[in-house]
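Participant:
Protein chains in written order, with the numbering used here: chain A, 1 to 307; chain B, 308 to 853; chain C, 854 to 1168.
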């Protein structure tokens, strides 16, 4: 709010350079919005169009030969809805866990402690070197995580990338003077972390929530490899199987297909089904972002340094 | 620097200690029960234990007290089968008293999941797979799959009898140690090639043209299709004379010049049993030049390099195509226009006899039994039961009376639309179906779409377009050792890139002496000669032993 | 304790004995513990599997039991016919991707920050991040349709402006442009999130002060906004340098056609093709390890250089 008032005050004193800038900025963003929105728009209208029109490239400004065939094909799978429910649980729970552990670790890494280099190295090393699928799979299975919902919470709990981002953010936006002031007042690390750092890090917590949230929501691979029971699978794994069923390449094993017509019909609607699946799986994420967005817009540091 | 050194030191300590302890934890799969004993050389002998008294050597049920078998079951991506409650398995269980636990894996996930299953050290009893079964490596070398010869002999009379009707069909299933590790599956259709060629006879009639018999005649016909209003809608410009996708385009074009390019192995076998690299033949160049010519004249689909199958089908369905490759006309999603087309024999380019890549109908490896199956004799009898006529058709199409019935000739006949209903009751093509021609044509009333293709096949055969030694010798008959396979795979990857790239460039830009020479040199640098040599050895070995 | 606080937060702690520091900082270790445990359990314990690149992996013998073959997988790869092309394609693709893809989100964030109409700003911010959710498969499908030489909208536009239709997907020269441009469309908006977050923590009083000093908008951006995103930007640059031998395999596979192989064949697509159903685990693991080693060296190097130049580094 304050920024707006400031801006309005500024507007009165706009220099010519400023005016040109704002004009160019405005035009730029209008064009940018079009470039971004148009393909998204095409995805939406394609999902409501006739599949042949889509592959012919006729769907440009509006749905052609409107049909719900793609949606109908997907929605009739009851496993889809269970997948939705599962994914919500996994995403919300998993994100909270990930954000908590990551923030704690990120804060720790901003401090100078014995063995800091070791910890840094350990962490960055894992970004590049891993044992691969088979040992990880065997180990998860030995730990009893195979075909268990718990795997969705713990797999990928901390991403080194996000950890580095959070650490850098804390380092640059929360100045050390604050830390010194707090420790003079007798605060220990826990108190400093929970009472000062976290509240001031609302933005980075929001960013992490979005990063982890989206990552977990989109993850189809963990469910594919580590789960057998459909009832606990997340949305993306189920969607992938549905898409495999509906978009199968019918030309393989051609001699095995007597019901070629059925399969080619499926391949025909395959293109549309892909777009429908995007709509179906993306909407919750957009909602998540809208909820988190206010933390990106408000400035949260006003006056804290002086105080 | 200090930090890095201390970091490395810490790492070394951690890794060292972990490597030590994880090796003995047994989680690495090296101690998967009896798997460790089968580390190299021959696997364990066929029957792990003596059959128990529970087991009946003949008759039903197979076991007196219920026994469970676990099956690692393949399923095509497109099949929506309710595996958990399938009528077929319930019906089978009532008769055999064997309960099966199915681990169903769809085609897209097959490679990942199979390898994880094998790596985990816990194998299912039976693996039922329509993808390549690597019995050389996993059977002969590592003993994961057990040899089945004795089991077939003692406990599988149906299979034995069916195979005896034509033993040549299962020759390809014999491994390098002389034993058989898999049971075969086959659906005889009496066909020897994939896609065939069809020409729009309505257009020919509209323009008063004769069906072309040579390549030059075909080219003229295509030109006429393009220039004139062949489909009679008043617009002379909307026709696509030759509508096809990229793979079919070059394969068919090459076949006109006598080069049976299968696009899988890149080699073929000539009539003297000599293996050759197709891309080194002079006829290859001629074909590429022809492809370039008709592409630049607009006689072929202009997006042939990237167009997808269903987009191509759409164009055909809209009445825009004059000359197309297709599996068959009936039941192949171009019903709107199928009456406009008729079969055409691949034309001969001047000085050449057209040759198409030829397939072979022999048994493919489908079922294996792993060394963790406690009672392989039960598994063998269970599998054999499903090959009996009644059960086989229940497995393939569903309950008698619902999707199929015995007609007046005593043959099994499909009800109308029966093949689409069957998916609710049975696993269909995903299991082992051993339908060799002699048995199959005697018990089954062949549907008309199969007959159509078989009739076409006879025409093609009479015209002499099939290879004397089909390339599928290499994919279905011969034995390839693991070492050979390893080398072949790597070279093949390189050759595939090289050849496909050259063909596309030729289509777009034509062929010159220097571009041809560069192509040949690149092939040699990619070890094409070694590739041919390896295949020649494999073929010679096979022919010598048969 | 209190008197030591000043020394605590700076780097000059080598005068304080280790035991004191350990006792003092124990809470830091507690905060670090869950994360460290995660890495050890989920990443270090399975790490023994990295040996697979040096072994002839036999599934029944497991990783530990399979025989050693040393560097054989690597030499096979280095000597393979396509090696040179794979390396150059991968490097060039990722370098150009970095060159174009790295600055754009920063510029977008800086400009987005300057939109004055609140609603428009919020709307734009939400919209530009949605392309990230379009899966690669759908993205590729759309590209084929948009870039079709006969019916694609891009070519229709070109023809309308008097030019000749371009067969984008079939010409090797266009591969990189299509790959990179579509990548930017897909992720630039998403990547602004971080920079926008950094910009929101800028103290607005700084802007006021600048205005009073007579600074125009460009100067404000240069002297206030830019420095606030710099630490994050440097960190992102360093992290992205680690991807130099990688690349989005799935996307490259989808955009690859027989005719653009000269440029579209990257290490990832090669690994995929070789590995198809052949279970060449060791070979593909070796190639993966090679990619990762290069990436690791790259990051360490760039990190050192960055620290020397600006004393800002990843670690």
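Even glycine gets a Cβ: it sits at the ideal position worked out from N, Cα and C. As the structure is a prediction and not an experimental result, all values here were calculated from the model.
From this set, 76/A, 70/A, 41/A and 111/A, which residue's C-alpha is nearest residue 59/A's C-alpha?
Facilitator: The option with the nearest alpha carbon to residue 59/A is 41/A.
Participant: Is residue 716/B helix, strand or coil when you go by DSSP?
Facilitator: It is coil, neither helix nor strand.
Participant: What three-state label does DSSP hand residue 410/B in the structure shown?
Facilitator: Residue 410/B falls in the strand class under three-state DSSP.
Participant: Nearest CA to the CA of residue 998/C: which residue from 373/B, 494/B, 472/B and 614/B?
Facilitator: Out of 373/B, 494/B, 472/B and 614/B, 614/B has the C-alpha closest to the C-alpha of residue 998/C.
Participant: Hey, is residue 433/B's beta-carbon within less than 9 Å of any beta-carbon in chain A?
Facilitator: Chain A, which has no Cβ nearer than 9 Å to the Cβ of residue 433/B, makes this no.
Participant: If you run the structure through DSSP and keep just helix, strand and coil, what is residue 377/B?
Facilitator: The answer is strand: DSSP assigns residue 377/B an E or B state.
Participant: Which runs of the alpha helix (DSSP H) fall wholly inside the segment 941-1010 of chain C and span at least 4 residues, in chain order?
Facilitator: Taking only runs of at least 4 residues, the alpha helix (DSSP H) segments lying wholly in the segment 941-1010 of chain C are 956-965, 971-980 and 989-999.
Participant: So, are the CB atoms of residue 908/C and residue 796/B less than 9 Å apart?
Facilitator: Cβ distance not < 9 Å, so residue 908/C and residue 796/B don't count as in contact.
Participant: Assign residue 948/C to one of two classes, buried (16 or more other C-beta atoms within 10 Å of its C-beta) or exposed (fewer than that).
Facilitator: Exposed: under 16 other Cβ atoms inside 10 Å.
Participant: Within the same chain, show all residues whose beta-carbon is closer than 7 Å to that of residue 110/A, passing over the 5 residues directly before and after it, in chain order.
Facilitator: Correct list, in chain order: 167, 170 and 171.
Participant: Hey, is residue 308/A's beta-carbon within less than 9 Å of any beta-carbon in chain C?
Facilitator: This structure cannot speak to residue 308/A, because chain A is shown only from 1 to 307.
Participant: What are the boundary residues of the alpha helix (DSSP H) that includes residue 560/B?
Facilitator: Per DSSP, residue 560/B belongs to the alpha helix (DSSP H) from 553-563.
Participant: Quick one: which chain C residues come within Cβ less than 8 Å of residue 726/B?
Facilitator: Within chain C, no residue comes near residue 726/B; the closest Cβ sits about 28 Å away, beyond 8 Å.
Participant: Below 8 Å CB to CB, which residues in the same chain sit around residue 1049/C once its five sequence neighbours on both sides are set aside?
Facilitator: So the qualifying residues of the chain are 962, 965, 966 and 978.
Participant: Between residue 1042/C and residue 953/C, what straight-line distance do the alpha-carbon atoms span, to the nearest angstrom?
Facilitator: Each residue's alpha carbon lies about 14 Å from the other.
Participant: Counting only Cβ pairs nearer than 7 Å, list the residues of chain A close to residue 1138/C.
Facilitator: 132, listed in chain order.
Participant: Using the Cα positions of residue 1036/C and residue 1029/C, report the straight-line distance between them to the nearest angstrom.
Facilitator: Cα-Cα distance, rounded: 10 Å.
Participant: According to DSSP, what are the bridge partners of residue 663/B?
Facilitator: Per DSSP, 773/B.
Participant: Using a beta-carbon distance cut-off of less than 8 Å, what residues from the segment 37-66 of chain A approach chain C?
Facilitator: Answer set for the segment 37-66 of chain A: 37, 39, 40, 42, 43, 54, 55, 56, 57, 58 and 60.
Participant: Could you tell me the alpha carbon to alpha carbon distance between residue 988/C and residue 240/A, rounded to whole angstroms?
Facilitator: Going from the Cα of residue 988/C to the Cα of residue 240/A covers about 11 Å.
Participant: Does the beta carbon of residue 147/A come closer than 9 Å to any beta carbon on chain C?
Facilitator: With 9 Å as the cut-off, residue 147/A does not count as an interface residue toward chain C.
Participant: Run the CB neighbour count on residue 683/B, radius 10 Å, all protein chains shown included, and call it buried at 16 or more, exposed below.
Facilitator: It is buried - the Cβ of residue 683/B has at least 16 other Cβ atoms within 10 Å.
Participant: Should the segment 188-206 of chain A be called in touch with the segment 916-932 of chain C, which here means at least 3 C-beta pairs below 8 Å?
Facilitator: They do not touch, by the three-pair rule.
Participant: Using 8 Å as the cut-off, can you tell me whether the segment 140-155 of chain A makes contact with the segment 1044-1059 of chain C, which would need three or more C-beta pairs spanning the two stretches below that distance?
Facilitator: Verdict: no, contact absent.
Participant: Residues of chain A with CB closer than 8 Å to the CB of residue 874/C, please, in chain order.
Facilitator: Per Cβ cutoff of 8 Å: 113 and 114.
Participant: On the premise that residue 712/B lies in contact with residue 701/B, defined as a C-beta separation below 8 Å, what is that separation, rounded to the nearest angstrom?
Facilitator: That pair is no contact at about 12 Å.
Participant: Helix, strand or coil for residue 915/C per DSSP?
Facilitator: Residue 915/C falls in the helix class under three-state DSSP.
Participant: By DSSP, does residue 1163/C sit in helix, in strand, or in coil?
Facilitator: Correct three-state label for residue 1163/C: helix.
Participant: Given a cut-off of 9 Å on the beta-carbon distance, is the pair residue 577/B and residue 776/B in contact?
Facilitator: Cβ atoms of residue 577/B and residue 776/B: closer than 9 Å.
Participant: List, in order along the chain, the chain C residues whose C-beta lies closer than 9 Å to that of residue 815/B?
Facilitator: In chain order: 1020, 1023, 1024 and 1112.
Participant: So which of 277/A, 145/A, 173/A and 275/A has the shortest CA-CA distance to residue 204/A?
Facilitator: Here the closest residue by C-alpha is 173/A.
Participant: Which runs of the beta strand (DSSP E), 3 residues or longer, sit entirely within the segment 733-762 of chain B?
Facilitator: Complete beta strand (DSSP E) runs here, min 3: none at all.
Participant: Using a Cβ-Cβ distance under 9 Å, would residue 929/C count as near chain B?
Facilitator: Residue 929/C counts as touching chain B.
Participant: Using a Cβ-Cβ cut-off of 9 Å, state whether residue 277/B counts as contacting chain C.
Facilitator: Within the shown structure, residues of chain B are numbered from 308 to 853, placing residue 277/B beyond reach of any answer.
Participant: Which of the residues in the segment 195-217 of chain A, read from start to end, lie with their CB under 7 Å from any CB of chain C?
Facilitator: Flagged, chain order: 203, 204, 207 and 210.
Participant: Give, in chain order, every residue of the segment 117-143 of chain A whose Cβ lies closer than 8 Å to some Cβ of chain B.
Facilitator: The residues in question are 117, 118, 120, 121, 122, 125, 133, 134, 135, 137, 138, 139, 141 and 142.
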